[in-house]
Every structure is written in structure tokens, then in C-alpha cells.
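Quick mapping for you: the protein sequence lines, in order, are chains A and B.
Each residue of the first sequence is one higher than the last, beginning at 1 in UniProt numbering.
Each residue of the second sequence is one higher than the last, beginning at 1 in UniProt numbering.
Heads up, the beta-carbon is just placed ideally off N, CA and C, and yes, glycines get one too.
Number of protein chains: 2
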Amino acid sequence: MTASIPATHHGDLWAVVPAGGAGTRLWPLSRAGAPKFLHDLAGDGRTLLQATYDRLQPLVGERLLVVTGAAHQVAVRGQLAELPADQVIAEPSPRDSMAAIGLAAAIIERQDPDAVIGSFAADHVIADPEAFRACVTEAAAVARTGLLVTLGITPDSPSTGFGYIRLGERLDGFPTAHAVDSFVEKPDADTAQAYVDSGDYRWNAGMFVARASVVLDLLAENHPDLARDLRAIAAEPQQLDELWDGLTKIAIDHAIAEPAAAAGKVAVVPGSFGWEDIGDFEALTDLTPAQDSTREGTGIKVLGDAARVFAQQSSGLVVTGTERTIAVLGLENVVVVDTGDAVLVTTTEHAQDVKSIVEALKAAGRADLT
Amino acid sequence: MTASIPATHHGDLWAVVPAGGAGTRLWPLSRAGAPKFLHDLAGDGRTLLQATYDRLQPLVGERLLVVTGAAHQVAVRGQLAELPADQVIAEPSPRDSMAAIGLAAAIIERQDPDAVIGSFAADHVIADPEAFRACVTEAAAVARTGLLVTLGITPDSPSTGFGYIRLGERLDGFPTAHAVDSFVEKPDADTAQAYVDSGDYRWNAGMFVARASVVLDLLAENHPDLARDLRAIAAEPQQLDELWDGLTKIAIDHAIAEPAAAAGKVAVVPGSFGWEDIGDFEALTDLTPAQDSTREGTGIKVLGDAARVFAQQSSGLVVTGTERTIAVLGLENVVVVDTGDAVLVTTTEHAQDVKSIVEALKAAGRADLT
Chain A
1 MTASIPATHH GDLWAVVPAG GAGTRLWPLS RAGAPKFLHD LAGDGRTLLQ ATYDRLQPLV
61 GERLLVVTGA AHQVAVRGQL AELPADQVIA EPSPRDSMAA IGLAAAIIER QDPDAVIGSF
121 AADHVIADPE AFRACVTEAA AVARTGLLVT LGITPDSPST GFGYIRLGER LDGFPTAHAV
181 DSFVEKPDAD TAQAYVDSGD YRWNAGMFVA RASVVLDLLA ENHPDLARDL RAIAAEPQQL
241 DELWDGLTKI AIDHAIAEPA AAAGKVAVVP GSFGWEDIGD FEALTDLTPA QDSTREGTGI
301 KVLGDAARVF AQQSSGLVVT GTERTIAVLG LENVVVVDTG DAVLVTTTEH AQDVKSIVEA
361 LKAAGRADLT
Chain B
1 MTASIPATHH GDLWAVVPAG GAGTRLWPLS RAGAPKFLHD LAGDGRTLLQ ATYDRLQPLV
61 GERLLVVTGA AHQVAVRGQL AELPADQVIA EPSPRDSMAA IGLAAAIIER QDPDAVIGSF
121 AADHVIADPE AFRACVTEAA AVARTGLLVT LGITPDSPST GFGYIRLGER LDGFPTAHAV
181 DSFVEKPDAD TAQAYVDSGD YRWNAGMFVA RASVVLDLLA ENHPDLARDL RAIAAEPQQL
241 DELWDGLTKI AIDHAIAEPA AAAGKVAVVP GSFGWEDIGD FEALTDLTPA QDSTREGTGI
301 KVLGDAARVF AQQSSGLVVT GTERTIAVLG LENVVVVDTG DAVLVTTTEH AQDVKSIVEA
361 LKAAGRADLT
């Protein structure tokens with residue numbers, strides 16, 4: 001597995017890209033067999049995974065590992081043809097983010113214990129990659145001091161869909177970094193508004209930067225078996241299949257970030273770079289640019305071929321996934337997703353409930369569609 | 001054309017079925033190339049045309065002529081395989097209802113001048129065929145006295161979508177027939193309510209019963225050229241192509257029914273037999289029975305295969321015209337029509353506006369879809 005890993009200098013920055021999650025709330029666009037990171041949801045000709053690579057490549061060159069489900073390994077390699085094939089690591093089964101990122105950390109640690117890794121999900125959208133890279137560069141510098149560093153997104157709304165990071169003291173010697181006072185769970189609406197009004201909170205986008213050895217040492221303090229098994233797999237890759245399914249299933253936030261924050265070992269670099277996670281069709285509608293259309297009354301956004309969408313007295317989003325013409329008449333905030341084997345019609349207000357359709361399909365024996 | 005017309009007794013009742021009209025407000029289900037009468041809109045396994053035949057056959061046996069567009073002649077013959085092929089008459093071009101019904105009347109008149117013809121559109125739905133046939137039977141008896149007879153539907157709502165018939169005096173010697181005082185145009189809502197409250201008005205469903213010779217003689221009084229040309233075509237069918245495109249384009253109501261009513265020559269037989277014209281998706285939604293579904297929260301009606309429709313927190317209608325699964329979430333009174341090359345998403349409230357989508361398609365050079 002390590003044969004073709006690129007030569008590095010001591011302390012270089014590596015990117016780790018966990019590419020998992022079915023994106024159930026984006027069904028039928030996103031499926032278990034074709035999750036959202038494999039799709040061009042931003043409508044710019046690159047899939048979310050490819051855009052993630054594009055965004056990181058100026059920082060890390062070829063020092064990038066993708067960790068994905070076994071079912072998606074071929075698709076990921078196909079989309080990232082420029083990346084050496086053995087830098088796409090297949091998980092035999094989903095074991096949550098700590099196992100995925102921790103395995104990558106362990107592989108990189110064997111090559112360079114001082115390497116700094118940054119973990120960035122494959123399905124985020126970032127409007128300003130330059131600002132993002134500046135933020136990561138500062139985070140890497142902070143990480144070289146031995147801290148676990150997270151990026152904290154400056155909120156542009158009192159979202160109840162994200163956890164928040166409460167800022168602590170400014171860190172001397174860095175332009176913008178703060179200590180992390182604490183991570184807090186997704187708040188209710190009033191609490192979220194209070195967080196935003198205070199100026200002391202940032203969104204937790206789940207992006208971490210740290211030395212590979214710091215990640216694994218923090219893990220060894222909190223979940224020693226998991227740290228040991230991940231280092232064992234990195235040392236002897238043939239142990240992957242034997243050990244993987246027994247690994248503790250836990251998110252990196254709970255496994256190391258929260259305990260380390262309580263111990264004063266976490267920093268945050270605040271950032272404003274137009275981050276979106278496109279978790280559902282409401283977010284996708286917001287993200288999709290309005291049509292420069294001359295057709296009368298068309299307030300519909302289109303992801304795909306706008307020439308095949310005929311809308312009147314309507315607003316919302318149409319996703320064209322087939323050659324079919326789609327006509328929408330008299331519906332506000334509608335979401336229409338046309339694919340080869342399934343059509344979804346809903347509204348942005350019901351974006352969170354799309355997963356219940358997926359559950360209904362499974363319950364009806366139509367898991368083939370999910 | 002007359003070779004295989006069935007043997008009749010003097011004064012027999014014939015049915016004339018004009019099968020025209022694209023049903024634009026039912027796009028994309030109904031197309032210029034596949035108008036609504038060719039579809040099973042009632043979901044009972046028979047198309048509207050076939051159901052019309054089924055309903056009339058006990059009254060007229062094989063004494064039935066269909067008049068349709070040249071483009072639909074093959075489809076009509078295919079759907080009515082039991083009918084001799086030359087009883088499906090193709091119009092070279094649409095010349096409105098007077099030409100269509102008048103040509104059939106002229107053909108029948110040549111065989112039996114005393115024959116009574118009843119004209120019934122191919123795209124109506126009638127819930128109680130027995131009651132319908134009883135009504136037609138009385139109308140035929142009245143027609144044998146030389147009157148033009150129309151069926152008047154007892155209104156079940158103050159519809160503004162139909163013209164109305166104002167009842168005159170009762171006719172002696174018949175169970176329910178009245179003279180027609182007048183035909184009135186589609187009313188506004190207040191007027192329609194007053195009509196219904198008065199009890200003196202019936203819906204004009206465009207169904208006429210009269211001797212073939214009465215139809216043509218009334219036409220000769222009002223539009224002598226049209227009557228002459230239709231009788232000429234019936235006498236020499238090879239004149240059809242030469243004369244047809246020059247015929248006056250006029251509806252039978254304006255051509256003969258209204259002038260004859262003013263002259264006291266029209267009767268009406270009132271009827272209540274669950275008549276629907278399914279002019280748009282609101283009517284189709286009303287007509288479609290509710291699903292006997294155990295799936296949670298499913299308030300959606302389905303025309304087609306209900307097993308492929310997954311609806312939650314929704315009401316309205318889904319028409320399944322493909323093998324695809326259709327999911328609807330969080331929309332009231334929605335209409336989703338899935339066909340091979342086009343999908344329509346609208347609401348029952350916008351049912352009348354569907355034709356503007358068809359116009360937009362034509363304007364965009366997509367007449368192939370209409």
C-alpha cells in the first residue's frame with residue numbers, strides 16, 4: 001500500500017479525504033451505489049470529489065489519501081485518475097470517521113511521524129478556495145506546535161444544522177488562531193441566534209489538521225485498542241480485512257476532538273470561504289445559481305440542462321438527470337429530481353424528510369432504488 | 001364506404017362518435033398524436049373511446065360511425081377491432097363538430113332517411129351507463145317526432161366550465177322531456193349559482209339526438225352550402241378530399257342547435273348519469289378513485305401502477321406512464337404526470353393553465369412533445 005506514496009519532506013502537509021456517506025437526503029440523485037461526492041452537484045463540470053482534489057492539490061501536490069467504501073473504490077479511482085491508485089484506500093465496511101481518518105494517519109505516520117495531516121470531506125463545496133487554502137496553511141502551522149486544529153466557519157446564519165465551536169483565547173504568534181473553549185452540539189434556533197450574536201462561535205465543519213502522530217497519540221489516550229489496531233493495519237496492510245470489522249465505530253469529534261478540547265489541546269482557525277455541505281435539496285437549491293433565462297415566468301433553478309425545463313409561475317429547483325423534458329407549473333419552492341429509474345417531487349421545506357422516502361422504499365423491498 | 005354498413009330497420013337508432021381534440025390541458029398524457037380518447041383515463045382497462053363504444057353498443061349494435069382525424073384512423077380502428085373498418089371515417093383536416101357529425105348524418109341518411117342518430121363524444125366518462133341509455137332511449141323517441149333533442153345533465157355543482165340549457169315546457173307524452181327555452185353560454189360564478197338554484201337549467205354536454213334528415217334539413221336552412229357539400233360527399237365519397245377543406249368550420253351548437261331552439265324545434269331530456277368530460281387534471285383527479293393503500297400518509301391518487309408511487313404528507317394525483325418509481329413528499333393537490341419523454345409537475349388549481357406549457361413548448365420549437 002505504501003509502495004507508490006510520494007516522496008515527502010519532513011513535516012510536509014498531507015490531505016486525507018474521507019469519501020463516505022450515501023447522502024440519503026439527496027435521493028434519488030445520491031444513492032448508496034452513487035453517493036453525492038461522485039456527482040457534479042455544483043454544476044461546474046467537476047464532481048464534489050474532484051473539486052475537493054482540485055482545491056487541495058496546490059497545498060499538498062500528490063500527498064493525498066482518499067478513504068472510501070469498497071463499493072466506490074473503482075469510481076473514485078476513475079474520477080481521480082491523476083492520483084496513484086494505491087492512494088485510494090477501501091474500507092471493507094463503514095466504521096465512521098475516526099477509523100477512516102485514523103487509518104490514513106497511521107499510514108502517513110509510518111512514512112513521516114512529523115507529517116501534518118488535514119482531513120477534508122469529499123462532499124463539501126467551497127466558494128473561495130484561495131481563502132480556504134490560506135486558512136489551512138495557518139492551521140498547519142498551528143498543528144506543527146502539537147495541537148489538534150480545527151477550521152471554524154464564520155456563520156452566515158443561525159443554522160441549527162451544525163455543531164458550533166466556542167472560541168477561547170487568541171493564540172500568540174498566529175494571525176487568527178484561537179484556542180477552542182469547547183465543541184457544542186447542534187443548538188435550537190434561539191441558542192443558535194445567541195451564538196451568532198455573541199461573535200464567539202464558529203460552525204464545526206468537521207475539518208481537522210494535526211500531526212499524524214498527534215492524531216494517533218490522542219486516540220491512544222482515549223481509545224487505545226482503536227489506535228493500536230489502526231497502527232497494526234498500517235504496518236501490515238494484510239491485516240486490514242481481519243481487524244477492520246472489529247474496530248470501534250466512532251466519529252473523530254467524539255473520539256479525540258472533544259476530549260482534547262477539554263484538555264486544552266485544540267485550536268481553531270476561523271475562516272470565511274463560502275463553505276456549504278449540500279446536505280439536502282434546500283442547500284442544493286441555495287447553492288445553484290439562478291438561470292439567466294429569457295423564458296417568461298421562469299423562477300426555477302436548474303441543475304443540468306436548463307433548455308429541457310419549462311417552468312411557469314414556479315420557483316425552486318429542477319435536477320435533470322435524463323433526456324426528458326420537465327414542465328413545472330404553479331409551484332413555489334418545489335424540488336423535482338428526474339433520474340432514469342426514479343422521480344422525486346417535493347419542496348425545499350421538506351428537504352430534511354427525503355430520507356423517510358428512502359426508508360419507505362427499503363421497507364417496501366425497493367432497496368435497489370436507494 | 002357504405003359497403004359493409006350493417007343492415008338496419010327503418011327508423012333505427014345510430015350512434016355517431018366524433019373523436020377529435022388533442023386534450024391540450026391533459027398534456028403530457030394527451031398529445032396531438034395520442035389524444036385523450038385513446039387513453040384509459042378512467043383506469044378501468046378500457047380507453048375512453050372503447051368505453052364510449054361499450055356504452056353505446058347495447059343501444060345500437062354495430063350501427064355506429066366514428067369520425068376522427070386522419071392521423072388517428074389506424075389507432076381508432078385498432079382499439080375498436082369489432083367495428084367494421086369503414087365505419088371509422090377519417091377527416092382530412094379538422095372542420096369542427098358540424099362537419100364531422102353532419103358527414104356521418106349524410107352517410108346514414110342515404111341508407112335510411114328516417115334513421116335517428118345520436119352524437120356522443122369519444123372522450124366523456126359516464127358513471128351510470130344504464131341511466132345514460134334510458135335517457136338516450138327517451139331522446140330517440142322524442143327525436144322520431146322530428147325534433148332536435150339534446151341531453152341535459154343535472155348539475156351537481158355551479159360549474160362555470162359548461163354552457164347551460166334553460167328548460168321550457170314539459171313535452172306531453174314523454175316521461176321527462178322538455179322543450180328547450182334557450183342555450184346559454186358558460187356563465188360567471190354568480191350566474192351559475194343562480195342557474196343551479198333555480199332548478200331550470202341543465203348542463204349542455206354537447207350530446208344531440210335527431211333524425212339524420214332533421215340534422216341535415218336544419219343545416220340546409222342555416223348553412224345551405226355546408227349541407228349540400230356533406231350530402232355530396234356521402235353520395236360520392238371520392239369527393240371527400242376535394243370538398244372537405246372548403247367546408248365551413250362551425251360547431252353543431254351554433255350551426256343548428258341555437259337557431260333551432262329559437263324556432264322552438266329543440267327538446268331536452270334531462271339526465272343524471274355521472275357525466276364527466278375530464279377536460280383537465282383537476283377533473284381527472286376528482287374522477288380517479290382513492291387508493292386502498294396501507295402506506296403511511298398516502299393521500300395521493302394514482303392512475304397507473306400504484307405500487308410504484310411512494311407518497312408522504314401529500315395529496316393529489318400521480319399518473320404513472322413509465323416503469324419509474326415516483327416519490328412525492330409534502331405537496332397538497334399536486335399533479336405529477338410521468339411519461340417517456342416528458343414529466344409534468346403542477347397542482348389541481350393550475351389545471352387550466354397546462355395548455356400554456358404546451359404553447360411554450362411549441363414556441364420553443366418542441367412541438368414534437370405536444
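Per-residue burial, residue i [other beta carbons within 10 Å of its own, 16 or more giving buried]
{"i": "Pro92 (chain A)", "result": "exposed"}
{"i": "Ala234 (chain B)", "result": "buried"}
{"i": "Lys36 (chain B)", "result": "buried"}
{"i": "Asp123 (chain B)", "result": "buried"}
{"i": "Val354 (chain B)", "result": "buried"}
{"i": "Gly297 (chain A)", "result": "Residue placement at Gly297 (chain A) is poorly supported in this model, since its pLDDT is 48, which falls under 50; the coordinates still yield a value, given next. Exposed, because fewer than 16 other Cβ atoms sit within 10 Å of the Cβ of Gly297 (chain A)."}
{"i": "Pro187 (chain A)", "result": "buried"}
{"i": "Gly264 (chain A)", "result": "exposed"}
{"i": "Asp368 (chain B)", "result": "exposed"}
{"i": "Pro175 (chain B)", "result": "exposed"}
{"i": "Gly365 (chain B)", "result": "exposed"}
{"i": "Val302 (chain B)", "result": "buried"}
{"i": "Ser198 (chain B)", "result": "exposed"}
{"i": "Ala85 (chain A)", "result": "exposed"}
{"i": "His9 (chain A)", "result": "exposed"}
{"i": "Pro18 (chain A)", "result": "buried"}
{"i": "Leu13 (chain B)", "result": "buried"}
{"i": "Asp338 (chain A)", "result": "buried"}
{"i": "Ala121 (chain B)", "result": "buried"}
{"i": "Gln312 (chain B)", "result": "buried"}
{"i": "Ser119 (chain B)", "result": "buried"}
{"i": "Ala115 (chain A)", "result": "buried"}
{"i": "Ala189 (chain B)", "result": "exposed"}
The alpha helix (DSSP H) enclosing residue i, as first and last residue numbers
{"i": "Leu240 (chain B)", "result": "Leu240 to Trp244"}
{"i": "Leu329 (chain B)", "result": "Element bounds for Leu329 (chain B): not the alpha helix (DSSP H) but the beta strand (DSSP E), Thr325 to Leu329."}
{"i": "Ser159 (chain A)", "result": "Note, Ser159 (chain A): premise wrong, no alpha helix (DSSP H); not H, not E."}
{"i": "Arg110 (chain B)", "result": "Asp96 to Gln111"}
{"i": "Gln79 (chain A)", "result": "Gln73 to Gln79"}
{"i": "Ala139 (chain A)", "result": "Pro129 to Ala143"}
Same chain only: Cβ atoms within 7 Å of residue i, ignoring 5 sequence neighbours per side
{"i": "Asp181 (chain A)", "result": "Arg166, Leu167 and Gly168"}
{"i": "Gln73 (chain A)", "result": "Val88 and Ala90"}
{"i": "Leu243 (chain A)", "result": "Asp229, Ala232 and Ile233"}
{"i": "Phe183 (chain A)", "result": "Gly163, Ile165, Asn204, Asp253, Ala257, Glu258 and Ala261"}
{"i": "Ala290 (chain A)", "result": "Lys301"}
{"i": "Gly274 (chain A)", "result": "Ile126, Ala127 and Asp128"}
{"i": "Arg170 (chain A)", "result": "His178"}
Contacts around residue i, its chain only, beta-carbon distance under 8 Å, and the 5 residues preceding and following it disregarded
{"i": "Asp305 (chain B)", "result": "Thr320"}
{"i": "Ala260 (chain A)", "result": "Leu148, Leu218 and Val266"}
{"i": "Thr34 (chain A)", "result": "The sequence shown places Ala at residue 34 (chain A), rather than the Thr named in the question. If we look at Ala34 (chain A) and ignore the five residues flanking it on each side, its Cβ neighbours are Ala75."}
{"i": "Pro113 (chain B)", "result": "Arg211, Ala212 and Ser213"}
{"i": "Gln79 (chain A)", "result": "Leu38, Thr47, Leu49 and Gln50"}
First through last residue of the beta strand (DSSP E) which encompasses residue i
{"i": "Thr150 (chain B)", "result": "Leu148 to Ile153"}
{"i": "Arg211 (chain A)", "result": "Tyr201 to Arg211"}
{"i": "Pro224 (chain A)", "result": "Element bounds for Pro224 (chain A): not the beta strand (DSSP E) but the alpha helix (DSSP H), Pro224 to Ala235."}
{"i": "Pro28 (chain A)", "result": "From DSSP, Pro28 (chain A) is part of no beta strand (DSSP E); its letter is neither H nor E."}
Cβ shell of residue i (< 6 Å), same chain only, five flanking positions each side left out
{"i": "Val268 (chain B)", "result": "Thr150, Gly152, Ile165, His178 and Val180"}
{"i": "Ala105 (chain B)", "result": "Ile117, Ala212, Val215 and Leu216"}
{"i": "Leu331 (chain A)", "result": "Ser314"}
{"i": "Ser356 (chain B)", "result": "none"}
{"i": "Gly23 (chain A)", "result": "Ser30, Pro35 and Lys36"}
{"i": "Thr294 (chain B)", "result": "Any reading at Thr294 (chain B) needs caution, since the residue's pLDDT is 40, under 50, leaving its predicted position unreliable; the model's value is listed next. Correct list: empty, nothing qualifies."}
{"i": "Arg110 (chain B)", "result": "Ala234"}
{"i": "Leu344 (chain A)", "result": "Pro28 and Val337"}
Contact belief for residue i with residue j at Cβ below 8 Å, rounded distance in angstroms
{"i": "Ile278 (chain A)", "j": "Met98 (chain A)", "result": "Contact flag wrong, Cβ pair sits at about 23 Å."}
{"i": "Thr160 (chain B)", "j": "Ala192 (chain B)", "result": "5 Å"}
{"i": "Thr137 (chain B)", "j": "Gly271 (chain B)", "result": "Rounded, the Cβ-Cβ distance is 11 Å, inconsistent with contact."}
{"i": "Arg133 (chain A)", "j": "Pro58 (chain A)", "result": "6 Å"}
Minimum Cβ-Cβ distance from residue i to chain C less than 8 Å
{"i": "Arg46 (chain B)", "result": "The chain inventory of the structure shown lacks chain C, comprising the protein chains A and B."}
Cβ-heavy atom distance, residue i to the ligand GTP, below 7 Å
{"i": "Ile117 (chain A)", "result": "With respect to small molecules bound, the structure shown includes none, and the ligand GTP cannot be examined in it."}
Next item on the list: Mind the definition here: the stretch 346-355 of chain B touches the stretch 279-294 of chain B only if three or more C-beta pairs lie below 8 Å; say whether that holds.
Entry: yes
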